[in-house]
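**Q** Residues in the sequence shown are numbered consecutively from 1, following full-length UniProt numbering.
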Amino acid sequence: MRIALLTLFTLALAVPSPSPQEEPPLPQELSLPEEPGLPEEPPLSAEYDPTIITIPVNTYLYWVTKLFPLDRHLDVVRDLYMAAEQRVASILKIQTTRHITKGDCPDIAILFARGTNEAGNIGMVAGPSFYEHVKKEAGKNKTVEIQGLDYEANLKGFLRGGDKDGTSKMRSGIRGYLKKCPKTKLVVSGYAQGAQIVRAAIRWMMPFELRKVSSFVLFADPRYPDQLTKVPKATQLSICHEGDSICHGSNMLHLAHLTYIWDTDKAAKFVMAQMKGMLPDTHQTPQTPAQA
């Protein structure tokens, strides 16, 4: 019996045991992909060739299409919209809050009401670029300042035709500035819900007051193409994009609603033409960048 066990043990030692499998090499350290580079900026069409002072147009459009919640209803995009706008404004260093220096009476003053869910008090889509272009058109010898309307730009206000508190502030702002700075050329402007607020504010003002305002400029006005009441036709400009449902009777957020940066140079030229007594065509429905 001992001999049999010894024989089995000897045979077991003699059988070669399988060599352990070699462990696969550890993967090289992974790294997050770099932020994709910006696409080469194609030449802009002749119709849309604004020279933005601080905001590169095609780079702006790149980030807007990348980050904004497009083709959705306004009632479901609030937080996403606000986060996207703050992100784009941060990337492009767009200043979304502006105040006129207390006590100042510049040569040109802009009272601006931002749109629904926009950041700061002049927003990002139209206000900053409009201000920059007016400064450029006015030249170095003219002082230009912009005052954003501080109001709660939420969907509730938009659906009721303009925030009530914002309307009151716009009306008192117009009256206060005309009284305080009678020699200043006053421009009243708004984007989307901001345009609603301009409309609601002037509804309760007297025509003799409104005649003292140099010009009214509306972007993406939900009441487009209705004229402003009590205001001389020659002093008002309203711009609404084809494809922008906000100024065509709907509540969907499309890219066309976010591209008024294309038109702020034209708006600034209109403002300066008004100050020089020229009377250009005041209602425009320009193509969107995709259609140009």
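Backbone N, C-alpha and C fix where the C-beta goes; we use that ideal spot for every residue, glycine too. The structure presented is a predicted model; accordingly, all values stated were derived computationally and were not measured.
Enumerate in chain order the residues of its own chain whose CB-to-CB distance from N251 is below 6 Å, with the five nearest sequence positions on each side excluded.
**A** The answer, listed in chain order, is H73, L74.
**Q** May I ask you to list the residues that DSSP assigns as paired with F216?
**A** Per DSSP, V188, Q236.
**Q** For I261 and Y60, what's the separation of their Cα atoms in angstroms?
**A** 9 Å
**Q** What does the Cβ neighbour count give for I122, buried or exposed, with the cut at 16 atoms within 10 Å?
**A** The residue is buried, with at least 16 neighbouring Cβ atoms inside 10 Å.
**Q** Just the Cα atoms here: how many angstroms apart are G243 and K276?
**A** 33 Å
**Q** Quick one: what does DSSP say M275 is sitting in, helix, strand or coil?
**A** helix
**Q** When you compare only the Cα positions, how much space is there between K230 and I197?
**A** Spanning the two alpha carbons is a distance of roughly 15 Å.
**Q** Please report the distance separating the alpha-carbon of C181 from that of R171.
**A** 16 Å
**Q** Note the first and the last residue of the continuous beta strand (DSSP E) segment covering F112.
**A** 108-113
**Q** Bridge partners for M252 per DSSP, in chain order?
**A** H73
**Q** Secondary structure at G148, three-state DSSP: helix, strand or coil?
**A** Strand at G148.
**Q** Could you have a look at R98 and say whether DSSP puts it in helix, strand or coil?
**A** coil
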